[in-house]
Amino acid sequence: MTKLTLSRALNEGMRRALEADPKVMIMGEDVGRLGGVFRVTDRLQKDFGEHRVVDTPLAESGIIGTAIGLALRGYRPVCEIQFDGFVYPATDQIVSQLAKMHYRSRGLVTLPVVIRIPFGGGIGAVEHHSESPEVIFAHTAGLRVVACADAADAFSMIQLAIACDDPVIFFEPKRRYWDKGEVDVSAPLDSALPLDKARIVVPGNDVTVLSYGPLVRTCAEAALAAAEEGRSIEVIDLRSLSPLDMETITASVSRTGRCVVAHEAPVFAGLGAEIAARVTEQCFYHLEAPVLRVGGFATPYPVARLEENYLPDLDRILDAVDRAFAF
Amino acid sequence: MTVETGGATMVAPNDCELIQLLTPEGERVDHPKYSLSDVDIKGLYRDMVLVRRVDTEAISLQRQGELGIWASLLGQEAAQIGSGRALSPKDMAFPSYREHGVAWCRGLDPVRLLELFRGVNNGGWSPEAYKFHLYTIVIGDQTLHATGYAMGIKQDGAEDEAVIVYFGDGATSQGDVSEAFSWASVFHAPVVFFCQNNQYAISAPQERQSPIPLYQRSRGFGFPGVRVDGNDVLACYEVTRQALRAAREGQGPTLIEAYTYRMGAHTTTDDPTRYRLASELETWRLRDPIERVRAYLARTGQANSAFFDEVEAEATELAAHVREACRALPDPPPLTVFDHVYTGANAVLDAERAQYAAYLNSFEPAGLGQLEGEVAR
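In the order they appear, the protein sequences are chains E and A.
Take the first sequence: its position 172, counting from 1, is numbered 171 in numbering that gives the first Met the number 0, and each next residue is one higher.
Take the second sequence: its position 22, counting from 1, is numbered 21 in numbering that gives the first Met the number 0, and each next residue is one higher.
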């Protein structure tokens, strides 16, 4: 076991992938010489060369569009979109081309492209640097959408994403980049939890709290606080946002009878809505309360000095848990 | 000569060098840089006649309800056959959605194209097997795919391969095309940008896309651009051949603007009489890409009426094949709607498939319910 930050764990994971497969490429803005604005690709260009770790021109659609071409040629590009709010210029290439090529070619073409996106707020940034656009991609058939939450998982998830033959949108919780965790860098990849499985982070009996990305840690802290008051929260890290691991979710909710979904993205038409609908349909007779959601407001992401109001924190998550018990 | 158009200064086409090796009257002319290499001109003629016939047949099939829509290539045969025949077998082509002539050059049965326009698939051929990518409908997207593919060729160190990408005058306004120009130039990618300027993006004339001739666009990106007579199959062939060779030799990208005319409608849903004059079409009819080759072949004695009759008969035969094969195309089975979204299992999708299959199976066998109803009455 080695203690690594989440960003370093991703870096180590990509290093493994670059070593294992000469077709793996890293591409994006500032990913080479600089090592990325968050240093997630630090030293990779130095060790693997300018042809495998490519500093691209500054155009997101160009990054994804050329990655598609490289994938058609047999490469496995791992693209970095510098910030969540900068992915939109690439949306056409992602939604209209990347997501659909396997389908429209009736399986003759595969596009193993990974798009890494640092997402979420909490770092006091200016506009367009704190967004959570995951549901746009979860709504798009043909993409796999995942989010990592801690260092150990980030290390294996990025490798699994690169090995996956489907396009994967890989969300990284930017405010957790510097969180440290124990990582078994010698663990073989096939022992890792598959990319499309959720995992129970904190076991519990009274209520299921579902989250992903940056809020997993917040939810775990909320569970700890609730335990002191004698309430047992089960925290599940969804990991995969598309597809959803409904098996793990319904097994938990069927036991606890209560369910809260927490994410930074706006509640309205967010992933929580999809989960609430499915849990209601599949666990109807086990539910003691409606599925409740806690998340961002139906506003644009606010200015830094207001973001604490917008972001669900421990108290707002516990407030939702309390409401679930009030029914 | 410059003309004022709404405040912008536009260079009139007359000022641009138009590379031409065969005049509209069928006269061979020489060009200092582009001397025609050995090419089977009769073969090019045959190709153009055949794809025009396929096009005519497809329009009829659309009118008869066999196709949902068709995008006609009428008038653009020379641009497509000339450039398509300039490709070497290993070169990769990225089409938009009108490149039926290029598809023909790549050995694709035209019926495969009709499948898309009939709606039985989205073009289910193997791009690698034919070295011809699937049609791309969103304007300009494929220029980036082509550029990325060309970057891959370079990375592979494959010196005998290049890429050609097809797009139209309208596409030059798309951001992706500018990004592709940047990328290709910066990475010195072996790609030829083949722009068929057919004068209209549906109804918008080329002046609405650019105040300068399109081929000059490449200059600002740092690579050469040329304008070729897009109705001259020989010039299109030779210019493309040389651009591809330059790409293979590591000289980077070239922009070719094939100056041509869409003689038909944008698609079978379009009505060009709403935005252009009949006299304009008549002017371009005099520059027909096929007629000038026929005149040249006949006058120089390279082909006689027997040859032309033979090609005609072949075209009739091909049209019959296309018509019959199109009508025989079955609708895909219902559950194939779920196929190939992902390469492997997907819990959400798999559940939907199972649910829909159960729903379909919940119906009584066809006709049975109706029969029982009759008896009960």
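For each residue, glycine too, the CB sits at the ideal point set by N, CA and C.
*asked:* Between ALA161 (chain A) and chain E, is any beta-carbon pair separated by less than 7 Å?
replied: The count along the second sequence starts at 1 and reaches residue 161 (chain A) at position 162. With 7 Å as the cut-off, ALA161 (chain A) does not count as an interface residue toward chain E.
*Who does TYR199 (chain A) pair with in a DSSP beta bridge?*
Locating residue 199 (chain A) in the second sequence gives position 200, counting from the first residue. For TYR199 (chain A), the beta-bridge partners assigned by DSSP are A:PRO204.
_Rounded C-alpha distance that separates ASP54 (chain A) from LEU243 (chain E)_ = Stepping through the second sequence from its first residue, residue 54 (chain A) is reached at position 55. Stepping through the first sequence from its first residue, residue 243 (chain E) is reached at position 244. About 46 Å.
*Could you check if GLN92 (chain E) is buried or exposed, using at least 16 other CB atoms within 10 Å of its CB as the buried criterion?*
Taking the first residue of the first sequence as 1, we reach residue 92 (chain E) at position 93. By the neighbour-count rule (16 or more Cβ atoms within 10 Å), GLN92 (chain E) is buried.
*Candidates A:GLU351, A:ILE211 and A:GLY174: closest to PRO88 (chain E) by CA position*: Here residue 88 (chain E) refers to the residue found at position 89 when the first sequence is read from its first residue. Among A:GLU351, A:ILE211 and A:GLY174, the Cα nearest to that of PRO88 (chain E) belongs to A:GLY174.
*asked:* Quick check on SER361 (chain A): does DSSP put it in helix, strand or coil?
replied: Residue numbering aside, residue 361 (chain A) sits at position 362 when the second sequence is read from its first letter. DSSP places SER361 (chain A) outside both helix and strand once states are collapsed to three, so it counts as coil.
*Using a cut-off of 7 Å between C-beta atoms, extract the partners of THR90 (chain E) located in chain A.*
By 1-based counting over the first sequence, the position of residue 90 (chain E) is 91. The premise fails here: THR90 (chain E) is roughly 11 Å from chain A at the closest Cβ pair, so nothing lies under 7 Å.
*For a contact meaning CB atoms closer than 8 Å, what does VAL119 (chain A) contact in chain E?*
Numbered from 1 along the second sequence, position 120 holds the residue referred to as residue 119 (chain A). Ordered by position in chain E, no residue passes the 8 Å Cβ test against VAL119 (chain A), which lies about 11 Å from the chain.
*Give the DSSP bridge partners of VAL206 (chain E), in chain order.*
Within the first sequence, residue 206 (chain E) is the residue found at index 207, counting from 1. Looking at the DSSP assignment, VAL206 (chain E) forms a beta bridge with E:ILE232.
*Flag GLU214 (chain E) as yes if its beta-carbon sits less than 7 Å from any beta-carbon of chain A, otherwise no.*
Within the first sequence, numbered from 1, the residue matching residue 214 (chain E) stands at position 215. According to the sequence shown, residue 214 (chain E) is Leu rather than Glu. Chain A, which has no Cβ nearer than 7 Å to the Cβ of LEU214 (chain E), makes this no.
*Among residues of its own chain, excluding the 5 on either side of TYR148 (chain A), which ones have a beta-carbon nearer than 7 Å to its beta-carbon?*
Position 149 of the second sequence holds residue 148 (chain A). Counting only Cβ-Cβ distances below 7 Å, and skipping sequence neighbours, we find MET91 and VAL162.
*asked:* Can you give me the C-alpha to C-alpha distance between LEU35 (chain A) and ARG14 (chain E), rounded to a whole angstrom?
replied: In the second sequence, counting from the first residue as 1, residue 35 (chain A) sits at position 36. In the first sequence, counting from the first residue as 1, residue 14 (chain E) sits at position 15. Taking the straight line from one Cα to the other gives about 51 Å.
*Specify, as a first and last residue, the run of the alpha helix (DSSP H) that CYS235 (chain A) falls within.*
For the purposes of this step, residue 235 (chain A) is identified with residue 236 of the second sequence, where counting begins at 1. It spans 232-247 - the alpha helix (DSSP H) in which CYS235 (chain A) sits, taken as one unbroken run.
*Which residues in chain E sit within 8 Å of TYR341 (chain A), going by Cβ to Cβ distance?*
Position 342 of the second sequence, counted from the first residue, corresponds to residue 341 (chain A). HIS101, GLY141, ARG143 and ASP165, listed in chain order.
*Can you check DSSP and say which residues form a bridge with SER241 (chain E)?*
By one-based count along the first sequence, residue 241 (chain E) stands at place 242. DSSP output for SER241 (chain E) lists E:VAL144 as bridge partner(s).
*Could you tell me whether any Cβ in chain E is nearer than 7 Å to the Cβ of GLU351 (chain A)?*
Along the second sequence, one-based indexing puts residue 351 (chain A) at 352. It does not: the Cβ of GLU351 (chain A) has no partner Cβ on chain E nearer than 7 Å.
*Taking the CB atoms as reference points, tell me whether VAL235 (chain A) and SER82 (chain A) lie closer together than 7 Å.*
Position 236 of the second sequence, counting from 1, holds the residue named residue 235 (chain A). Position 83 of the second sequence, counting from 1, holds the residue named residue 82 (chain A). The question names Val, but residue 235 (chain A) is Cys in the sequence shown. A contact, by the Cβ cut-off of 7 Å.
*So is VAL374 (chain A) buried or exposed if we call it buried at 16+ other beta carbons inside 10 Å?*
Mapped onto the second sequence, residue 374 (chain A) falls at position 375. Bear in mind that a pLDDT of 46 at VAL374 (chain A), under 50, signals an unreliable position, so the number given afterwards is only what the model happens to contain. Classification for VAL374 (chain A): exposed.
*When DSSP labels each residue in this structure, what does ASP54 (chain E) get in the three-state scheme?*
In the first sequence, the residue the question calls residue 54 (chain E) occupies position 55. In the structure shown, ASP54 (chain E) sits in a strand (DSSP, three-state: E or B).
*Roughly how many angstroms lie between the CA atoms of LEU291 (chain E) and ALA323 (chain E), to the nearest whole one?*
For the purposes of this step, residue 291 (chain E) is taken as residue 292 along the first sequence, with counting starting at 1. For the purposes of this step, residue 323 (chain E) is taken as residue 324 along the first sequence, with counting starting at 1. Looking at the two C-alpha atoms, the distance is approximately 7 Å.
*In chain A, which residues lie less than 7 Å from HIS50 (chain E) when you measure between Cβ atoms?*
Mapped onto the first sequence, residue 50 (chain E) falls at position 51. GLN154, listed in chain order.
_ALA379 (chain A) and PHE93 (chain A) closer than 7 Å at C-beta_ = The structure shown does not extend to residue 379 (chain A), since chain A is modelled only from 0 to 376, so the question has no answer here.
*Which two residues bound the contiguous alpha helix (DSSP H) that contains HIS320 (chain A)?*
Looking up residue 320 (chain A) in the second sequence gives position 321. Element bounds for HIS320 (chain A): 304-327.
_Does chain A have any CB closer than 7 Å to the CB of TYR211 (chain E)?_
Along the first sequence, one-based indexing puts residue 211 (chain E) at 212. With 7 Å as the cut-off, TYR211 (chain E) does not count as an interface residue toward chain A.
*Quick one: Cα of ARG51 (chain A) to Cα of LEU73 (chain A), how far?*
The residue labelled residue 51 (chain A) in the question sits at position 52 within the second sequence. The residue labelled residue 73 (chain A) in the question sits at position 74 within the second sequence. Near 6 Å, if we compare the C-alpha coordinates of LEU73 (chain A) and ARG51 (chain A).
_Does GLY5 (chain A) come out as helix, strand or coil in the three-state DSSP assignment?_
Within the second sequence, the letter at position 6 stands for residue 5 (chain A). Caution applies to GLY5 (chain A), whose pLDDT of 39 falls short of 50 and renders its modelled position unreliable; the value that the coordinates give is listed next. In the structure shown, GLY5 (chain A) sits in coil (DSSP, three-state: anything other than H, G, I, E or B).
*Just to confirm, are TRP103 (chain A) and ARG111 (chain A) a CB contact at a threshold of 7 Å?*
Working through the second sequence from its first residue, we reach residue 103 (chain A) at position 104. Working through the second sequence from its first residue, we reach residue 111 (chain A) at position 112. Not closer than 7 Å, so no.
*Do you know how far the Cα of GLU313 (chain A) is from the Cα of LEU296 (chain A)?*
Sequence index remark: in the second sequence, residue 296 (chain A) carries index 297 (1-based). Sequence index remark: in the second sequence, residue 313 (chain A) carries index 314 (1-based). Between LEU296 (chain A) and GLU313 (chain A), the C-alpha separation is close to 18 Å.
*asked:* Pull the bridge partners of PHE180 (chain A) from the DSSP assignment, please.
replied: As a position in the second sequence, residue 180 (chain A) is number 181, starting the count at 1. PHE180 (chain A) pairs with nothing; no bridge assigned.
*Using alpha carbons as the reference points, say which of A:GLY139, A:GLY219, A:PHE131 and A:VAL347 lies closest to ILE274 (chain E).*
Locating residue 274 (chain E) in the first sequence gives position 275, where the first residue counts as 1. Looking at the Cα atoms, A:VAL347 is the closest of the given residues.
*Buried or exposed: which applies to ARG286 (chain A), given that a residue is buried once 16 or more other Cβ atoms fall within 10 Å of its Cβ?*
Stepping through the second sequence from its first residue, residue 286 (chain A) is reached at position 287. So ARG286 (chain A) ends up on the buried side.
*From the DSSP output, in three-state form, read off ASP228 (chain A) for me.*
Counting from one through the second sequence, the residue named residue 228 (chain A) turns up at place 229. Three-state DSSP puts ASP228 (chain A) in a strand.
*Test: GLN96 (chain E) CB closer than 7 Å to a CB of chain A*: Translated into the one-based positions of the first sequence, residue 96 (chain E) becomes position 97. It does; some Cβ of chain A falls within 7 Å.
*ALA11 (chain A), buried or exposed, once every other Cβ within 10 Å from all chains shown has been counted against 16*: If you number the second sequence from 1, residue 11 (chain A) lands on position 12. Summary for ALA11 (chain A): the model assigns pLDDT 43, below 50, so the residue's position carries little reliability, and this model does not support an answer.
*In DSSP terms, what ILE168 (chain E) is bridged to*: Stepping through the first sequence from its first residue, residue 168 (chain E) is reached at position 169. Beta-bridge pairing links ILE168 (chain E) to E:ILE114 and E:VAL144.
*Taking GLY84 (chain E) and GLU130 (chain E) to be in contact with their CB atoms under 8 Å, please state how far apart those CB atoms are, rounded to whole angstroms.*
Within the first sequence, residue 84 (chain E) is the residue found at index 85, counting from 1. Within the first sequence, residue 130 (chain E) is the residue found at index 131, counting from 1. Right, their Cβ atoms sit about 5 Å apart.
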